[in-house]
Every structure is written in C-alpha cells, then in structure tokens.
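Participant:
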Amino acid sequence: MPAWVETGFKEYQRRFPKDMALELIEIPAGKRGKNADIKRILHIEGEKTLAAIPKGNRIVTLEVTGNPWDTHQLANHMQKWQLDGRDISLLIGGPEGLAPECIAASEQKWSLSNLTLPHPLVRIIVAESLYRGWSLNNNHPYHRE
Numbered sequence: 001m002p003a004w005v006e007t008g009f010k011e012y013q014r015r016f017p018k019d020m021a022l023e024l025i026e027i028p029a030g031k032r033g034k035n036a037d038i039k040r041i042l043h044i045e046g047e048k049t050l051a052a053i054p055k056g057n058r059i060v061t062l063e064v065t066g067n068p069w070d071t072h073q074l075a076n077h078m079q080k081w082q083l084d085g086r087d088i089s090l091l092i093g094g095p096e097g098l099a100p101e102c103i104a105a106s107e108q109k110w111s112l113s114n115l116t117l118p119h120p121l122v123r124i125i126v127a128e129s130l131y132r133g134w135s136l137n138n139n140h141p142y143h144r145e
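Position one of the sequence shown corresponds to residue 1 (UniProt numbering), numbered consecutively onward.
Here it is as structure tokens:
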C-alpha cells in the first residue's frame, strides 16, 4: 500500500483505546493473470481469510449488497458488539469481492457505499468510521453534529 494509506490507517488505529484495539491482518491477493481461474483464486483467498479469523469471532463482511449504516447505526452496532463480548472480524474482499465461503460465514453484511471504492481508501474509511462510532458512543469530541 502507498505510504499515505499506511499513515491514514495508523492515525485512526492509534486513537483507539487499548480495550478496543483495531488490528489489520492482510491476506495477500492471489495472482491474477490473463487466463486466471478467478473462482479458484477466490476460493483460496476465502480459505486463507477464514483461517486467519480467531475461533468465536463475529464476522461482518463489507459488501456493496450489504446494509448501509449511517454513523449512528454503526455506533449502535458497535455497542451491541461490545455487549456480545466477542471480537469482530470485518472482512474486505479483493478485486472480485469476497469468497462465497466468507459471505456464508458472516453474521452481518455492511455496505460502505453503492460505489466501488478502491481498497486503499476502504481501509481508511473503515478505520475512520469505526473511530467515529466509538467517539459517538463515548461522548468524545471527535464526533460533532
């Protein structure tokens, strides 16, 4: 990722309190060439993604067809997630989206936008959105209306 992406993500990551740490685990995208078997690549990426998720985590997939949440809705989901007591794994797909296995494993589907967003930007948008939701739930001055 370009340096600006790392800088942007890390800026929001460092703002979270220790008891609500934001961690990023990257699964390398499979090699895509002219005659790539996309179905097979997606399956392998899905297996690697699911293997990286600690047992018991709530899986939330980010998908264009998911539910669009405004900031208050996201904050409400975050409160419910905290009360549930499980860690959350937010899954962001590769160029063709997420593997069917990942979608099937998800408990919730979240759509950031009807637009197709570039992966570098999604990483920062998700981090900022989560931080804004946290700040709303904790009466932190970051979120102002």
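For glycine and all other residues, C-beta sits at the position ideal for the given N, C-alpha and C.
Measuring alpha carbon to alpha carbon, tell me which of Ile125, Tyr142, Glu63, Leu74 ends up nearest Pro95.
Facilitator: Glu63
Participant: Spell out the partners DSSP gives Lys109 in its beta bridges.
Facilitator: Thr61
Participant: Please state the DSSP three-state secondary structure of Ile103.
Facilitator: helix
Participant: Assuming Gly66 and Trp4 are in contact, meaning their beta carbons sit under 8 Å apart, how far apart are those beta carbons, in whole angstroms?
Facilitator: That pair is no contact at about 26 Å.
Participant: Among the candidates Arg132, Pro2, Asn139, whose CA atom is the shortest distance from the CA of Asp70?
Facilitator: Arg132
Participant: What is the DSSP secondary structure of Gly46, reduced to helix, strand or coil?
Facilitator: helix
Participant: If you follow the alpha helix (DSSP H) that Ile27 is in, where does it begin and where does it stop?
Facilitator: Taken as a continuous stretch (DSSP letters only), Ile27 belongs to no alpha helix (DSSP H), as it is neither H nor E.
Participant: Tell me whether Pro120 sits in a helix, a strand or coil according to DSSP, three-state version.
Facilitator: DSSP places Pro120 in helix when its eight states are reduced to three.
Participant: Using DSSP's beta-bridge definition, name the partner residues of Asn67.
Facilitator: Trp110
Participant: Alpha helix (DSSP H) containing Glu6: first to last residue?
Facilitator: 3–15
Participant: If you count every other CB in all the chains shown that lies within 10 Å of the CB of Met12, and 16 or more means buried, which is it?
Facilitator: What sits at residue 12 in the sequence shown is Tyr, not Met. Buried is the call here.
Participant: Looking only at DSSP bridge pairs, what is Ser135 linked to?
Facilitator: Paired residue(s): none; Ser135 is not in a bridge.
Participant: Tell me whether the region 37–57 and the region 106–122 touch, counting them as touching only if at least three CB pairs, one residue from each stretch, are closer than 8 Å.
Facilitator: no
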